[in-house]
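Each position in the sequence shown, counted from 1, maps to that position plus 3 in this note's numbering.
Structure, as structure tokens:
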Amino acid sequence: MPGVNLADARRVIAAAEKKAQEIGQPMNIAVADDGGNLVSHVRMDGAWLGSIDISIKKAFTSRAFDIATKDLATHSQSGDQFFGIHVSNDCGIMIFAGGIPLKRDGKVVGSIGVSGGSGEQDHAVAEAGAATF
4 MPGVNLADAR
14 RVIAAAEKKA
24 QEIGQPMNIA
34 VADDGGNLVS
44 HVRMDGAWLG
54 SIDISIKKAF
64 TSRAFDIATK
74 DLATHSQSGD
84 QFFGIHVSND
94 CGIMIFAGGI
104 PLKRDGKVVG
114 SIGVSGGSGE
124 QDHAVAEAGA
134 ATF
């Protein structure tokens, strides 16, 4: 089963960009392959510079644990089973909403990470991108 290629990543990013434009929030959008490696990234005009790294790490996190980052955040609060996970992987784990696994035939083969707005906005833009996959 093939993973995410550049054509896939461009299609996912285009759909995410469209959603970001609709809500009026410039975003950083990253797509990773099945190994969590960056395939493509876009920083929309006006998107925060600090969100470049965050979007890439959200994509990695979502693939590394095959879970939406907003769901991982729920389980990583003080006293929960994954508390402290954000400092694992050389602090490369992001537990803010906006990372979603990309699935093909029910198997995770990549991910999208979005950053630049509120958690709700990031997740909505990531969902729009993932829906095209």
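Ideal placement from N, C-alpha and C gives every residue a C-beta, glycine not left out.
First through last residue of the beta strand (DSSP E) which encompasses residue i
{"i": "V112", "result": "110-118"}
Beta bridge counterpart(s) of residue i as assigned by DSSP
{"i": "A33", "result": "H44, G116"}
{"i": "R107", "result": "K110"}
{"i": "G102", "result": "G116"}
Residue range of the unbroken alpha helix (DSSP H) whose run includes residue i
{"i": "H126", "result": "122-134"}
{"i": "A50", "result": "From DSSP, A50 is part of no alpha helix (DSSP H); its letter is neither H nor E."}
{"i": "V15", "result": "9-26"}
{"i": "D74", "result": "72-78"}
{"i": "S91", "result": "91-94"}
Supposed contact pair residue j and residue i - C-beta distance, whole angstroms, cut 8 Å
{"i": "L9", "j": "V42", "result": "6 Å"}
{"i": "E123", "j": "A100", "result": "7 Å"}
{"i": "S79", "j": "I103", "result": "That belief does not hold up - the Cβ atoms of S79 and I103 are roughly 17 Å apart, past 8 Å."}
{"i": "D36", "j": "F136", "result": "About 12 Å separates the two Cβ atoms, so there is no contact after all."}
{"i": "S54", "j": "S121", "result": "With a Cβ gap of about 12 Å, S54 and S121 do not count as contacting."}
{"i": "I70", "j": "G132", "result": "That pair is no contact at about 17 Å."}
{"i": "A23", "j": "V128", "result": "5 Å"}
Is the stretch 20-40 close to the stretch 71-81, with three or more CB pairs under 8 Å? no
Between the stretch 112-127 and the stretch 49-69, do three or more beta carbon pairs fall short of 8 Å? yes
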